[in-house]
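Enquirer: These protein sequence lines are chains A and B, in that order.
Mapping of the first sequence onto our numbering: position 45 corresponds to residue 82, and the numbering continues sequentially without gaps.
Mapping of the second sequence onto our numbering: position 206 corresponds to residue 254, and the numbering continues sequentially without gaps.
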Amino acid sequence: MKTAIYSILKIFQFRSKSFRLYWILVLLVLSLAMPAVFLRGTLPQNTATQIDGLAEFASMQGASLGPVTWSESFNNSSEWSVPANPPNVLSISGSLKLSVTFPSTSKAQAISVHRNVNWSLTEIPIITIKARVSTGVSYGVRFFGVTANNTSFAAWREGSSLQHRPGLGTIETVSANLGTETFLANPKLQLTGARITEVLFYLEAAPFRSGSFSLTLYDVHINPTITTPADSLELNGNFTGLVANLKSSVSSQGVFQVFVGLDIKGSSDLSYTLYLTRGASILAQGYTYVPKVATTYELALMLPALVNSSPLFAGNFASSSLIVSAWKGEISYFRLDSVDIRFLATTPSPSAALNTANYNALIFYYFVFLFMIPASTILLLIKVFRDKD
Amino acid sequence: MGLIVRFELASFAGHPGDLALFAFSSRLYYESGQFDYLFPSLPLVYYVQLAFYSFYVLIRDTGFSDPTFLFHTNYMIEGIFFRIPLIISDVGIFALILKFTGKLRYAALYLLNPLVIYLTGAWGIYDSLMMFPLVAGFFLYAQNQRRLASISFVVSGLFKLFGFVPFSLLALETLLQRKWKEFGLQIGSAIGLTTLTFAPYIGNGLQDFYVGILLRFLGLSGALTRGYDIIAIFSGARFAGSSPFIYVGAGAIAILFVFHLRRSRSPLQVLLLWSIVGAVALNLFSQSEPQWLSWPIPLSILYAYVTKREGLAHYTYFYGIASAVLSITILQSVGYLLLGTPLVFFQAIEAFQGRVAVYSLSVATMLLILLGYLFLKPVKFKIEVIALVALVYLQAYFWLSIMRILPV
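#1: Under DSSP, the alpha helix (DSSP H) around residue 91 of chain B begins and ends at which residues?
#2: To the nearest angstrom, how far is the alpha carbon of residue 345 of chain B from that of residue 454 of chain B?
#3: Mind listing the chain A neighbours of residue 256 of chain B? Cutoff is C-beta to C-beta under 7 Å, in chain order.
#4: For a contact meaning CB atoms closer than 8 Å, what does residue 339 of chain B contact in chain A?
#5: Counting only Cβ-Cβ distances shorter than 7 Å, please list the residues of the stretch 317-332 of chain A near chain B, keeping chain order.
#6: Please tell me whether residue 372 of chain B and residue 163 of chain B are closer than 7 Å, where the distance is taken between their beta carbons.
#7: I'd like the list of long-range same chain contacts for residue 375 of chain B, defined as Cβ closer than 7 Å, with 5 residues on each side in sequence excluded.
#8: Residues of chain A with a CB under 9 Å from the CB of residue 205 of chain B: which are they?
#9: Could you tell me whether any Cβ in chain B is nearer than 7 Å to the Cβ of residue 59 of chain A?
#10: Mind the definition here: the stretch 209-216 of chain B touches the stretch 129-137 of chain B only if three or more C-beta pairs lie below 8 Å; say whether that holds.
#11: I'd like to confirm the pairing. Which residues does DSSP put opposite residue 312 of chain A in its beta bridges?
#12: Measure the alpha-carbon distance for residue 176 of chain B versus residue 58 of chain B and round it to whole angstroms.
#13: Give the single residue among A/62, A/84, A/58, A/76 whose Cα lies nearest to the Cα of residue 537 of chain B.
#14: State the CB to CB distance for the pair residue 422 of chain B and residue 353 of chain B, rounded to an integer number of angstroms; the pair is presumed to be in contact (CB under 8 Å).
#15: Output the residue ranges of the alpha helix (DSSP H) runs that lie fully inside the stretch 364-418 of chain A and measure 4 residues or longer, sorted by chain position.
#16: Name the residue from B/242, B/262, B/323 whose alpha carbon lies nearest to the alpha carbon of residue 297 of chain B.
#17: Kindly indicate the opening and closing residues of the beta strand (DSSP E) around residue 448 of chain B.
#18: Under 9 Å between beta-carbons, which chain B residues line up against residue 163 of chain A? List them in chain order, please.
#19: Determine which residues share a DSSP beta bridge with residue 134 of chain A and list them.
#20: Just how far apart, CA to CA, sit residue 464 of chain B and residue 258 of chain B?
#21: Using only CA atoms, which one of A/235, A/248, A/214 lies nearest to residue 263 of chain A?
#22: What does residue 406 of chain A touch in chain B if you count any residue whose Cβ is under 7 Å from its own?
#23: Rank A/211, A/76, A/193, A/91 by C-alpha distance to the C-alpha of residue 217 of chain A and give the top, closest one.
#24: Just to check my reading of the structure: residue 90 of chain A and residue 378 of chain A have Cβ atoms closer than 8 Å, yes? What is that Cβ distance to the nearest angstrom?
#25: Spatial neighbours of residue 237 of chain A within its chain, please: CB distance less than 6 Å, with the 5 preceding and 5 following residues excluded, ordered by chain position.
#26: Only counting runs of 3 or more residues, tell me where the beta strand (DSSP E) segments fall wholly within the stretch 202-232 of chain A, in order along the chain.
#27: How would you label residue 122 of chain B, buried or exposed, when you count the other beta carbons within 10 angstroms and need 16 or more for buried?
#28: Could you check what DSSP says for residue 97 of chain A in three-state terms: helix, strand or coil?
#29: Write down the C-beta distance between residue 403 of chain B and residue 449 of chain B rounded to the nearest angstrom, noting that I regard them as a contact closer than 8 Å.
#30: Skipping 5 residues on each side, what residues in its chain have a beta carbon closer than 7 Å to that of residue 354 of chain A?
#31: Looking at C-alpha atoms only, which residue of B/119, B/238, B/171, B/452 is the closest neighbour of residue 63 of chain B?
#32: Quick check on the DSSP output: what are the complete alpha helix (DSSP H) runs of length 4 or more inside the stretch 274-346 of chain B, in order along the chain?
#33: Taking residue 181 of chain B as the reference, give the member of B/167, B/377, B/93 with the closest Cα.
#34: Residues of the stretch 65-79 of chain A with a CB closer than 8 Å to any CB of chain B: list them in chain order, please.
#35: Of the choices A/191, A/258, A/141, A/371, whose alpha-carbon is the least far from that of residue 335 of chain A?
What follows is the structure, encoded as structure tokens:
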């Protein structure tokens, strides 16, 4: 006990090395900490902001695919139309196969096959397509419809994931929300009473691409969206998606990060992704998540840079929504705990083109300071001190 | 010279993603007074950043207008203020290695290591903040100040969790020596310091930290993100943070540490060795971020001095150069830290197919060579090692990128 007290007192002996070091350290920590305490909240700029998304919460509903309301049987060739040129063969027997030979030419070439349909957009239909397309060409699907007062519209747009898809040579399944596709192509359109009246599939070849290619459709069907409203921030059931609508639209400028705290349970093969939307546009997307063993709580992060897909279910087109889309499995329980939307003011990009030729000098400068100077110094030091030794 | 190159690079380069995160957290605090409970790393890093950023706030309060550079997300002088604590840490490590070894060239091998300069000066990532108390811990341990060493390791761990590796080994050593009071003090101080660090989070963001950072580090997170380690690349597995193999590694290291300790006369040597092996294991079996490759460097220099393995010390320099080149060219693109946006300058070495697999193979080779320098008899650093690593890189490039024998 005496030894312990003595050793502690030794530190506080004036002029002892430990005493001086101790007080230097204390002063150092205080001099760094004090400004951080007193300057808090004093910077007049407003470049970093965070809003509580839960304060903007309006409603939440679970979403799932209803029973199939329409399915292509591929047993009536008269329902499908294809032009005579370029020369092609269309066979329909349990599936649809469009085979075409593109000659070599300096222009891009395309062929399409289409049929009339009658799909109501009021039910927010989800289309699922199972197809195989030859490699070397691209394909896409386009929709056309009419409004309640018979005004025609095109329900597709460039930039959609349904356009110019590269042929993989293997069977792939694609799903899309026809309501979202229509809205993105026609933001001012009234969907109530509108119908999709034509679906068109096309094959396209780039200039100088020639040869025989085919598009085979194995399945095309429509499911309506079934929504189950939640009374609060919590939902039980079996859903493929969850949509939490906010009261207003989130600004699309400067969205930096979105953190969502949620509790989720589902089937053992559940994997899901979160999206933040403004209307039908995706502002931010999260990673793919799976349920954890340790806890049902997840802190999901969404970033604008991660946007590379779109959810199957849409939110409120007039505001912003948080959408949880299950790629596999089903969600049986969901509770929204927190939503933090962060904005960071973006700096204007330089006007000079992003071209390597503009920055060669900078690269050279960079490598000189990063590699050449340090390495030369080290070689010199080793030589000098080795000779000395 | 080490200071000059760091400040020079810090003035125009920076990781646009990481610095944007740090800038957001600091600006949120100083603009609106909000404490960022969702800071993307451990709280001690945040506190240090806030402390040094306060001086930048003083400058901004005088009306100073900070410009941006090219496509960078942060302001130029702002970026330098984020680097100041890192540069101070690097200088501190330099001083510690100099005091420990008495050899300027050993200390210079750290301060002028391109990987360390790249991380501190160009990138702006905070691994140096972790390494300074880590190296201090070994320094204190060598002076038989075990309690202070233990505290130093805990502080290191509170910057980045790797610091808890030597702390755990030290605690294990204390346990084996049946020094129960000492063990209790070590654990108690670790708990106390950790509680103090996390005090602001209690009642506010502890659950978010647990899920967002701790579980991710332990490989129990729900997010499917890809790591750069060789296991994840070639198995196609998507490990959320650490892979399950890390637990096997942790167990093996603990057992081998105990065996080695019983046979060795130099506990410092044993602690250093198995801490380095722990760093190598994390780089091979877990998420393996490129900045983690810097952890073995100062420890290997210390170990090289203690065991008279000059070849190892010199190898760490080549290891740093190669790691920096691989990270810059393959993982980021040459333009990323410079311009603030990805831009490929050298297509052949930056934008080739299978490049991450080539990176992981090359890094794994260098780590295995490091293990060789640690465990085999002391040898000089030879030019053939450079040729060997280059050969592995070229072979991997040929088979994985050109011949595409595997779909990686």
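Here a beta-carbon is modelled for each residue, glycine too, at the ideal position from N, C-alpha and C.
Expert: This is what the structure gives:
#1: 91-109
#2: 32 Å
#3: 298, 336
#4: Going along chain A, no residue has its Cβ under 8 Å from residue 339 of chain B, so there is no contact; the nearest lies around 15 Å.
#5: 324, 325, 326, 327, 328, 329, 330, 331, 332
#6: The Cβ-Cβ distance between residue 372 of chain B and residue 163 of chain B falls below 7 Å.
#7: Taken in chain order, the residues that qualify are 338.
#8: Neighbours of residue 205 of chain B on chain A: none; closest Cβ ~19 Å, over 9 Å.
#9: no
#10: no
#11: A/322, A/360
#12: 15 Å
#13: With chain B running from 49 to 456 in the structure shown, residue 537 of chain B is simply not present.
#14: Incorrect: roughly 13 Å between the Cβ atoms, too far for contact.
#15: 397-404
#16: B/323
#17: Looking at the DSSP string, residue 448 of chain B is not in any beta strand (DSSP E), and its letter there is neither H nor E.
#18: Residues of chain B passing the Cβ test: none, with the nearest at roughly 24 Å.
#19: A/128, A/253
#20: Chain B is shown only over 49 to 456; residue 464 of chain B falls outside these bounds and no answer can be derived.
#21: A/214
#22: When 7 Å is used as the limit between beta carbons, residue 406 of chain A is near these residues of chain B: 53, 56, 57, in chain order.
#23: A/193
#24: Separation of the CB atoms of residue 90 of chain A and residue 378 of chain A is rounded to 5 Å, and the pair is thereby assigned contact status at 8 Å.
#25: 149, 151, 179
#26: 208-214
#27: buried
#28: strand
#29: 7 Å
#30: 220, 316, 317
#31: B/171
#32: With a minimum length of 4 residues, the continuous alpha helix (DSSP H) runs that stay inside the stretch 274-346 of chain B are 278-283, 293-311, 315-333.
#33: For the residues B/167, B/377, B/93, the minimum Cα distance to residue 181 of chain B belongs to B/93.
#34: Per Cβ criterion, the list reads 69, 70, 72, 73, 76, 77, 78, 79.
#35: A/371
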